[in-house]
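Protein chains in written order, with my numbering: chain X, 1 to 229; chain R, 230 to 458. Don't be surprised by glycine CBs; every beta carbon is placed ideally from N, CA and C. Structure record follows, encoded as structure tokens.
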DNA sequence: TAGGATCCACTGGTGGATCCGT
DNA sequence: ACGGATCCACCAGTGGATCCTA
């Protein structure tokens, strides 16, 4: 599929997929999802990249480089509630003490995201739901920045081993490694380096769920409140 | 093939291969050399690694880690003269200014080498010739150290782009990249970094040829002179 | 339920060297 | 003749996420 030439075309294409089954899309594009079990991780995202004409492929860019847009699929239940958190990017542990949210790769990735919810039905079948192009509001950016600075500050201080998935309001840190034995370098308390498991930033499902319901919902706004001031 | 348990066994096995055709060895070990053209680069070395039970495989070690021995095949003509230079290792360009021969990976690789000459006959067939386990003599080490310091000094000074294969008496520097477009970071004259093609250390064919004739030949000794003082 | 662990496809870099134009 | 360019196999790392126990 040709790469969309602008945001409007990308969004139109994505929204036109609403209701389509993943199996059908896979067949059309000549790919196999292998619909059961743990061996299908990542297949959904790769399929939608193809369907929508993403070209980024490798690292250090977006899925749609000319648009600066990142594509994220998110599995949701019948109520539209995400079943999983969303991976953002790998954390550069070694440089944590110099990292700043404003110039971070995490922020660049989240600057403009095309969310494609994938409805997972009770029988296990999956269908594309309504896509949404989102950018963080100023208020959302503030909270993400706080999470980032908090987490990176602690990593920079040599506390990476003490960090758990509990840290961060919306952005959390979790292990990110294909095999448990992988190790990378991180700052140690004594100012040196220690070997630890690679980590990534993830968006909590609570946050992506709120986004999908109302993209400009303010931080702290509760369900049931009006979105009018 | 089982990994040799000591140097004597390794050398005995290697010398027992003298006269064997590469094709025959390949057949015995179930590998295909694809005997013609440019698509066979590296196959000889990989075959001999299998035949002799090398286990190193990945980087940062030797072919026979427990022995600290590196295996090198070298194509020679009927007179025993090498047809090619010998790759030693990739150069860490960025750290060139801090590099020292004594602690260098190049020296570690050359500390103990099992040379396996491969006789290339006029009809294109290839046979293993007499293997030789070599360590640099003190005098040889001095010359290699001079080459190393000369080259690394110039790289460290930001002169990598001005370096050619002419530099170095026995150890030379040449490009080392699967594709011409690969780039890596090296010191620049202004103290910053520049993107350049990766380089590797190679031993000149003149040097390896001298080694194969007389492993302890002193630096500067000419052909035809006696090896007795 | 969600934090920690893990899976697959893909590819860029590395180690094994030899090719080939000037 | 040899300095610069290139070829193949292999594997660790990355990006895509989801699995799976306590």
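Residue from the options with nearest C-alpha to residue i
i: residue 405(R); options: 389(R), 430(R), 421(R); result: 430(R)
i: residue 254(R); options: 278(R), 395(R), 303(R); result: 278(R)
i: residue 364(R); options: 409(R), 379(R), 338(R); result: 338(R)
i: residue 354(R); options: 425(R), 379(R), 306(R); result: 306(R)
i: residue 351(R); options: 304(R), 375(R), 380(R), 368(R); result: 304(R)
i: residue 146(X); options: 59(X), 182(X), 99(X), 116(X); result: 99(X)
i: residue 197(X); options: 13(X), 30(X), 90(X); result: 90(X)
Cβ neighbour criterion (16 or more within 10 Å) applied to residue i
i: residue 104(X); result: buried
i: residue 211(X); result: buried
i: residue 185(X); result: exposed
i: residue 216(X); result: exposed
i: residue 144(X); result: buried
i: residue 119(X); result: buried
i: residue 4(X); result: buried
i: residue 261(R); result: exposed
i: residue 480(R); result: For residue 480(R) there is no data in the structure shown, the boundaries of chain R being 230 and 458.
i: residue 283(R); result: buried
i: residue 57(X); result: exposed
Alpha-carbon spacing of residue i relative to residue j, whole angstroms
i: residue 61(X); j: residue 92(X); result: 16 angstroms
i: residue 71(X); j: residue 22(X); result: 16 angstroms
i: residue 47(X); j: residue 88(X); result: 18 angstroms
i: residue 244(R); j: residue 281(R); result: 11 angstroms
i: residue 454(R); j: residue 370(R); result: In this prediction, residue 454(R) scores a pLDDT of 44, lower than 50, which makes its location untrustworthy; the coordinate-derived value is nonetheless stated afterwards. Going from the Cα of residue 454(R) to the Cα of residue 370(R) covers about 21 angstroms.
i: residue 421(R); j: residue 387(R); result: 9 angstroms
i: residue 456(R); j: residue 394(R); result: With a pLDDT of 45 at residue 456(R), under the threshold of 50, the predicted position of this residue should be treated as unreliable, though the coordinate-derived value follows. The alpha-carbon atoms of residue 456(R) and residue 394(R) are separated by roughly 30 angstroms.
i: residue 179(X); j: residue 41(X); result: 14 angstroms
i: residue 392(R); j: residue 312(R); result: 23 angstroms
i: residue 130(X); j: residue 174(X); result: 28 angstroms
i: residue 263(R); j: residue 435(R); result: 29 angstroms
i: residue 80(X); j: residue 19(X); result: 14 angstroms
i: residue 443(R); j: residue 366(R); result: 12 angstroms
i: residue 231(R); j: residue 43(X); result: 41 angstroms
i: residue 12(X); j: residue 267(R); result: 49 angstroms
i: residue 67(X); j: residue 296(R); result: 55 angstroms
i: residue 288(R); j: residue 59(X); result: 24 angstroms
Close-in-space but distant-in-sequence residues of the same chain around residue i (CB under 7 angstroms, 5 per side omitted)
i: residue 484(R); result: Here chain R has residues from 230 to 458 only, and residue 484(R) is not among them.
i: residue 433(R); result: 314, 399, 401
i: residue 218(X); result: 139
i: residue 28(X); result: none
Beta-carbon contacts of residue i that lie in its chain and below 6 angstroms, excluding the five residues immediately before and after
i: residue 17(X); result: 128
i: residue 449(R); result: none
i: residue 451(R); result: Confidence in residue 451(R) is poor, its pLDDT being 43 and thus under 50, which makes the residue's placement too unreliable to answer from.
i: residue 208(X); result: 74, 82, 86
i: residue 381(R); result: 325, 328
i: residue 294(R); result: 285
Cβ neighbours of residue i in the same chain (closer than 8 angstroms, five flanking residues each side left out)
i: residue 69(X); result: 7, 10, 62, 63, 112, 113, 114, 133
i: residue 187(X); result: 93, 94, 96, 97, 155, 156, 157, 158, 160, 193, 194
i: residue 182(X); result: 197, 198
Nearest-angstrom Cβ-Cβ length linking residue i and residue j, presumed shorter than 8 angstroms
i: residue 397(R); j: residue 419(R); result: Not confirmed; about 26 angstroms, so no contact.
i: residue 302(R); j: residue 274(R); result: 5 angstroms
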